[in-house]
């Protein structure tokens, strides 16, 4: 692993180097644009209704945690 400077001053992050093994593996969550954060933030008004948008960050994070809970609860080993 290689240590590098992350986006915030003074913080470091470990970067992946191809060909080197890692002790942990990233978690991949399937994402759909229409089910991700788009409905949470996008205000949309049509003839048949309104998508209110402009939700608070806690609501968005709650949806994210619900997705993780679903994967851990209903999908064997938390993945497909």
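Numbering (the working numbering), first residue to last: 7 to 86. From the three backbone atoms N, C-alpha and C, an ideal C-beta is built for every residue, glycine too.
For the pair residue 57 and residue 82, the Cα-to-Cα distance works out to about 34 Å.
CA-to-CA, the gap between residue 45 and residue 80 works out to about 24 Å.
Cα atoms of residue 64 and residue 71: separation of roughly 10 Å, rounded to the nearest angstrom.
The shortest C-alpha to C-alpha distance from residue 59 to any of 77, 43, 49, 74 is the one to 49.
A direct Cα-to-Cα measurement between residue 78 and residue 66 gives close to 19 Å.
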